[in-house]
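Residue numbers (this note's numbering), protein chains in the order written: chain A, 1 to 268; chain B, 1001 to 1268. Don't be surprised by glycine CBs; every beta carbon is placed ideally from N, CA and C.
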């Protein structure tokens, strides 16, 4: 592995086994694209992270110090992935958060994922996952460290020509991909699943919704069934690393790459 | 903290920041009571742990080595808590489990919790938590590392006279305490929530259900509403450390300590 790792700003690869991130998944993370030494959408990543800390009651994150470290860690990187984990810090055994604790910052720099270079232009093939997602309004939208559902969903396939798996909640609503948000276009209206009971409020999802507004494309967060996806004019996936991937096939249903995805891609 | 910690059998306090236990909560744990050098219910803990590994696809746990380490770590302990975490091990970035990985074993020995000594005999006061639990059949019953719901539920109160909080699923069914299973008695029939959509299949829960069978007490796993709890003849809580705690009050409703809990307590 070519990763570099920093714990609380110092380059080292080990963390305390008492950290609540390990003990309980008690923390959050961000996965950021670094291009030519710059972190893309840094402000949105930090906003989501800090609003997540507020929702989980993780206090004491020094935003200025954290930002400065991220900027320094990325400076010499031509193209890479910077992942930042913030945990509630070290605590004694037991679910109850300690009265005072110092959050832990774990930053790691990895190679750019080796996705097929054709996927962004030619579109991707996608499958449905059998692993359902649980619903919980108090955790919905957060990019928290409780990711077993995504691990199990992503372990359902190993075919390298399948780029992503779509996940559904227990009621059969489409929530997103294992590592992406999903959008569909119906008669030039952009639709994406709400993230208030399930799913992650992706930074690229936010960016796309804002770009749609600028371009005068009507956009709505809603509930999507499989039938909505399968009758859509266009489907595409987003995340902070891939930007936008048009979907060319979901299992046996194929899609033509659409004008709205292209328009949004040019606007980003 | 007076903890001792062993990682993969060696006494040390640090683990790799690349461990999937930290990155995704990709693992399981057991919390075991050690009394006079003996681990209570060791076989049941190991059975649950290994069946959890099978469900999550965590392979390569050496049961004999793990058991031998636990026995050695407990030998000189008069009374303590031995917690064992098994993670999927170290992996590169991304939800997909690596094709091969070596599970990580993290054992830690802590002091016995300082619960009031009166609680086992005089019963405990309990509250309802507002934090709902998500439902997911693929994770239900497991003691996995995705514990943010329990962390948030346990952070709802700090009053030391409240021993436990009861958690409910999104539909309002009682699931258990933040760290315990719950039982009620209705006309000498023992009822406890099913753990097939939510909750943890506790080792003491299993022990109590087996004791009930030996004693000829009818016992059923079912769906329980708040009204079932509030109309119960007896309510009690179980876990591997506390054994059985009778409940003397849930918020404003008080209960008399019952004959069935006492009978079960004597049988254990």
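For residue 38/A, the CB contacts under 8 Å within the same chain, skipping 5 residues up- and downstream, are 74 in chain order. By the Cβ test, the region 1112-1126 of chain B is in contact with the region 1244-1257 of chain B, since at least three Cβ pairs between them sit closer than 8 Å. Selection 1100/B, 1004/B and 1047/B evaluated against residue 92/A yields 1004/B as nearest (Cα-Cα). Closest in C-alpha terms to residue 1066/B, from the list 1006/B, 1189/B and 1020/B, comes 1006/B. When the five nearest sequence neighbours on each side are left out, the beta carbons in the same chain lying within less than 6 Å of the beta carbon of residue 1234/B are those of 1185, 1258, 1260 and 1261, in order along the chain.
The beta carbon of residue 180/A lies closer than 8 Å to those of 164, 202, 237, 238, 239, 242 and 245 in the same chain, with the five residues before and after it left out. DSSP places residue 169/A in the strand class (E or B) of the three-state scheme. Pairwise C-beta distances place the region 181-200 of chain A in contact with the region 137-147 of chain A, as three or more of them are shorter than 8 Å. Residue contact check for residue 1015/B against chain A: a CB pair falls below 8 Å. Per the C-alpha coordinates, the member of 1009/B, 1131/B and 1097/B positioned closest to residue 1108/B is 1009/B.
When secondary structure is reduced to three states using DSSP, residue 228/A falls in the helix class.
Annotation: the continuous beta strand (DSSP E) that includes residue 177/A extends over 174-177. Pairing residue 1178/B with residue 1161/B gives a Cβ-Cβ distance that is not under 8 Å.
Chain B places a beta carbon closer than 8 Å to that of residue 136/A, counting this residue as a contact.
Distance check between residue 33/A and each of 171/A, 83/A, 174/A and 150/A places 83/A closest, using alpha-carbon atoms only. Beta bridge pairing from DSSP links residue 1219/B with 1190/B. Only exposed fits residue 57/A, as fewer than 16 other CB atoms lie within 10 angstroms of its CB. Of all residues in the region 1021-1047 of chain B, those with a C-beta nearer than 7 Å to a C-beta of chain A are 1021, 1022, 1024, 1025 and 1026, reading in chain order. If you ignore the 5 residues before and after residue 128/A, its C-beta comes within less than 6 Å of the C-beta of 166, all in its own chain and listed in chain order. In the three-state DSSP reduction, residue 51/A falls in the helix class (H, G or I). Judged by their CB atoms, residue 25/A and residue 1148/B are nearer to each other than the 8 Å cut-off. Within 10 angstroms of the beta-carbon of residue 1076/B lie fewer than 16 other beta-carbons, which makes it exposed. Listed by position along chain A, the residues whose Cβ is nearer than 7 Å to that of residue 1146/B are 25, 146 and 148.
Within 7 Å of the CB of residue 1209/B, no CB atom of chain A is found; the nearest one sits about 24 Å away.
Closest in C-alpha terms to residue 1040/B, from the list 1052/B, 1013/B, 1157/B and 1070/B, comes 1070/B. Looking at the backbone, the Cα of residue 232/A and that of residue 117/A are separated by about 25 Å.
Pairing residue 155/A with residue 193/A, the inter-Cα distance amounts to about 23 Å. In the displayed model, residue 45/A falls within a helix according to three-state DSSP.
For residue 74/A, the enclosing alpha helix (DSSP H) begins and ends at 63-74. Assigned with DSSP and collapsed to three states, residue 1195/B falls in coil, not helix or strand. Take the alpha-carbon of residue 1106/B and the one of residue 1089/B: they are about 11 Å apart. In the displayed model, residue 1210/B falls within a helix according to three-state DSSP. Excluding residues up to 5 positions away in sequence, 1021, 1025, 1026, 1027, 1028, 1029, 1085 and 1087 lie with their Cβ nearer than 8 Å to the Cβ of residue 1145/B in the same chain. In summary, residue 111/A is exposed, with fewer than 16 beta-carbon neighbours lying within 10 Å of its beta-carbon over all protein chains present. For residue 1012/B, the three-state secondary structure derived from DSSP is coil. Measuring C-alpha to C-alpha distances from residue 1195/B to each of 1114/B, 1182/B, 1189/B and 1153/B identifies 1182/B as the nearest.
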